[in-house]
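Here's the structure, in structure tokens; my notes come after.
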Amino acid sequence: MREFIARHAIGNPVIGEALVADDGFSARYDLDRIAGVFSRPAHKLAGQSYVGKILVLHTAKGGVASAWMLHEMASRGVIPLALVFNSVNPILAQGAAFGDVAMLAGFEVDITARVPHGARVEIDTHSKKLIVLDR
Amino acid sequence: MHNGCSAMKLNDLERAMHAGELGRVAQLALEHQVRVGEFFGAADFVPVTQAHVMADSESLGEAGVAWLESLARQGGRVRVPTITDPRGTDFAKAGILGQANWMLSLERRAIAAFEALGVSMTDTCINYQTIQAPTRGESVAFGDTGVVIYANSVCGARSNFEGGPSALSAGITGRTPRYGFHLEDHRRPTVSIRVSCKPQTLNDWGALGGVIGRLAGNYWAVPRVEGLETVPTSDQLKHFGAAMASFGSVALFQLPGITPEAYAGRLSITHEVSEAEVKALQASYAQTDEVDVVVFSAPQLSLYELRALAELCDGRRFAKPLLAVTSPQVKPDADRFGYTRRIEAAGGQVLSGMCFYQSYAREIAEARGWKRLATNSAKMVNILGGYGYVPLLASMEQCVEAAVTGKLR
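And the structure:
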């Protein structure tokens, strides 16, 4: 079991499968929000479903729409279980607060290099910890 | 004084809002802001003079519109001037876009809710050119990343990226958490970039902004850019900043001798950008030369951009649809000066109060069979790939020619 401490946390604790990539995240730029998959062809997770997954990505990108979109995605249940970033912008923090999505951000290490793709992980927002439970 | 429920320092007014003494809507707004402020370690709030809300109905969805309506029903009202980013349609031109009635219905509901909340429906992402540019040091709560980066960098104002719920909350409470670019420490340059190219056209300026955005790489990076040999115009900086924000999530750049806050100290150059990098970014989108539609948007066009477009349209006849999108403030002048007539005489359309990528772009593509889209907006090519388009980046002149011939050369 490995643990990583984040500087920022919001939302409630969750456990789930990690979808990991050294790439960015924007709800508008990167997702087909109806189908629930990454849709931007150049994204490293293109074609993969994000629904119910814990996304472990490098940074939040792009536009302000993500704040509304997380809320809208949550209303339909087509939403990631949690978001984890090396670096976050305010939009995703605001969106997580508004959409009630768990999020951790800001690590001493490159979190995308330390969490195996497909691993089962715990996001403990109270202690600001990401815990790798198994592969 | 600390409120018992918050790590943030609240003044008397903020404590009253937090306690619900100014109504449930102000309480909800402040609670949201406290959650965000605590996430970023904000010590307190900073008053804002104006707010700018991004809230097209594609982003809002049914859930977001219902939330706005609930705020309106509870008697919510904004406390400071609060304006809107582009909407999801131009009602007069919705048929051209192939938009469905349910989209227009959702838009109408959103507009009614905003108006009930006291929001002014300016529907523009170029408010710094058309409504009121903020001044140096002025704290604002702006949505639309292009608006924020222009306000911070060119005007010297202070704003974070404020997503729709947060910008509306700022309008309702008249304040925003003091973190990020409201703090002096975050406004110092973190990367120093020397450019050796001479951007001419707006797509060149956008591509340069995109290259720098990718190099900077995240919201907290502040690029200082040296080497520009001319003083850019407002439209050039509009495309430069909008692309930098889009490609890199950047909210502030500095141009020594040009922008008001350029850091005067010595910084080692961390990156060099030549014309090759700028051309390479543009070439990366050249996957085809066939064009289904030409779109000028993102950001909305200024009066001068429409003037230039009108001159290019004179004597032409388009074989492919050409859309030019501007703000409701600019459109009447474009009509008065004949620019709209000249563009539409060639077969183009001038739309107002929307932005193409914020208007159900995926559904428009399906309804109209538009896939290969030519534009001079670097921001838009960065966005539209995710919507299933094959976007092409070229100059306004090349795009107009493509509307005539169906091919981008």
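If you read the protein sequences in the order shown, they are chains A and B. Last residue of the first sequence: 135 in the numbering used here, with the numbers rising by one and none dropped. Last residue of the second sequence: 1409 in the numbering used here, with the numbers rising by one and none dropped. Where is the CB? At the ideal position from N, CA and C, for every residue including glycine. Just so you know, these numbers come straight off a predicted model, no measurement behind them.
Check: For B/S1192, write down the residues that DSSP places opposite it in a beta bridge.; Outcome: B/R1224
Check: Using a Cβ-Cβ distance under 8 angstroms, would B/N1003 count as near chain A?; Outcome: Bear in mind that a pLDDT of 44 at B/N1003, under 50, signals an unreliable position, so the number given afterwards is only what the model happens to contain. It does not; no Cβ of chain A falls within 8 angstroms.
Check: Does the pairing of the region 1141-1156 of chain B with the region 1265-1280 of chain B give three or more beta-carbon distances under 8 angstroms?; Outcome: no
Check: Which bits of chain A does B/F1091 rub up against, with CB to CB less than 7 angstroms?; Outcome: The contacting residues do not exist; B/F1091 stays about 21 angstroms from chain A at best.
Check: In its own chain, which residues sit with a C-beta less than 7 angstroms from the C-beta of B/I1172, not counting the 5 before and 5 after it?; Outcome: V1025, A1026, A1029, G1076, V1078 and R1079
Check: Write down the C-beta distance between B/N1382 and A/Y29 rounded to the nearest angstrom, noting that I regard them as a contact closer than 8 angstroms.; Outcome: 7 angstroms
Check: On the three-pair Cβ rule with 8 angstroms, is the region 1152-1161 of chain B touching the region 1242-1257 of chain B?; Outcome: yes
Check: Work out the CA separation of B/E1107 and B/Q1358 for me, nearest whole Å.; Outcome: 12 angstroms
Check: Under 8 angstroms, Cβ to Cβ, is there at least one residue of chain B near A/A97?; Outcome: yes
Check: For B/A1043, count the other beta carbons within 10 Å of its own beta carbon; 16 or more makes it buried, fewer makes it exposed. Which is it?; Outcome: exposed
Check: May I ask you to list, following chain order, the residues of the region 1054-1066 of chain B that have a beta carbon less than 9 angstroms from some beta carbon of chain A?; Outcome: M1054, A1055, D1056, E1058, S1059, L1060, G1061, E1062, A1063, G1064 and A1066
Check: Using a Cβ-Cβ cutoff of less than 7 angstroms, which residues in the same chain neighbour B/V1231 once the five nearest sequence positions on both sides are dropped?; Outcome: I1258
Check: Is DSSP giving B/F1337 helix, strand or coil here?; Outcome: coil
Check: Which residues, in order along the region 89-121 of chain A, keep a beta-carbon less than 7 angstroms from a beta-carbon of chain B?; Outcome: N89, P90, I91, A93, Q94, G95, A97 and F98
Check: By how many angstroms is the C-alpha of B/T1049 removed from the C-alpha of B/V1291?; Outcome: 44 angstroms
Check: Could you check whether the Cβ of A/S49 sits closer than 8 angstroms to any Cβ belonging to chain B?; Outcome: no
Check: Within the 8 angstroms Cβ cut-off, does A/I10 reach chain B?; Outcome: yes
Check: I'd like the list of long-range same chain contacts for B/V1325, defined as Cβ closer than 7 angstroms, with 5 residues on each side in sequence excluded.; Outcome: F1296, S1297, Q1300, L1301, L1351, M1354, C1355 and F1356
Check: Going by CA-CA distance only, name the one from A/I34, A/S26 and A/A105 that's closest to A/A9.; Outcome: A/A105
Check: Name the two residues that bound the continuous alpha helix (DSSP H) containing B/L1267.; Outcome: B/L1267 -> no alpha helix (DSSP H), and no H or E assigned at all.
Check: Output, in chain order, the set of chain B residues within a Cβ distance shorter than 8 angstroms of A/P41.; Outcome: G1385
Check: Note the first and the last residue of the continuous beta strand (DSSP E) segment covering B/Q1300.; Outcome: V1293 to L1301
Check: Taking the continuous alpha helix (DSSP H) assigned at B/T1233, which residues delimit it?; Outcome: Careful: B/T1233 lies outside any alpha helix (DSSP H) and carries neither H nor E.
Check: Across the region 1208-1220 of chain B and the region 1179-1195 of chain B, are there enough close Cβ pairs to call them in contact, namely three or more that are closer than 8 angstroms?; Outcome: yes
Check: For B/G1174, count the other beta carbons within 10 Å of its own beta carbon; 16 or more makes it buried, fewer makes it exposed. Which is it?; Outcome: buried
Check: Is it the case that the Cβ atoms of B/I1343 and B/L1309 are separated by a distance below 8 angstroms?; Outcome: yes
Check: Applying the 10 Å Cβ sphere with the 16-neighbour rule, what's the burial state of A/I34?; Outcome: exposed
Check: Using the three-state DSSP reduction, which class does A/V37 fall into: helix, strand or coil?; Outcome: strand
Check: Quick check: is any heavy atom of the ligand GDP less than 7 angstroms from the C-beta of A/L133?; Outcome: No copy of the ligand GDP occurs in the structure displayed, which carries no ligand at all.
Check: For A/A18, list the residues DSSP reports as bridge partners.; Outcome: A/I54
Check: Going by alpha carbons, who is nearest to B/F1045 out of B/I1111, B/M1008, B/N1203 and B/H1032?; Outcome: B/M1008
Check: For A/H126, which residues of its own chain have a beta-carbon under 8 angstroms away from its beta-carbon, when the five flanking residues on both sides are left out?; Outcome: A9 and P13
Check: I'd like to check one pair, A/A74 with A/I91: are the Cβ atoms closer than 8 angstroms?; Outcome: no
Check: How close, in whole Å, do the beta carbons of B/D1056 and B/P1086 come, if the pair is a contact with beta carbons under 8 angstroms?; Outcome: 7 angstroms
Check: Would you say A/K128 faces chain B, with C-beta separation under 8 angstroms as the test?; Outcome: no
Check: For A/Q94, which residues does DSSP report across the bridge?; Outcome: Answer is none; A/Q94 lacks a bridge partner.
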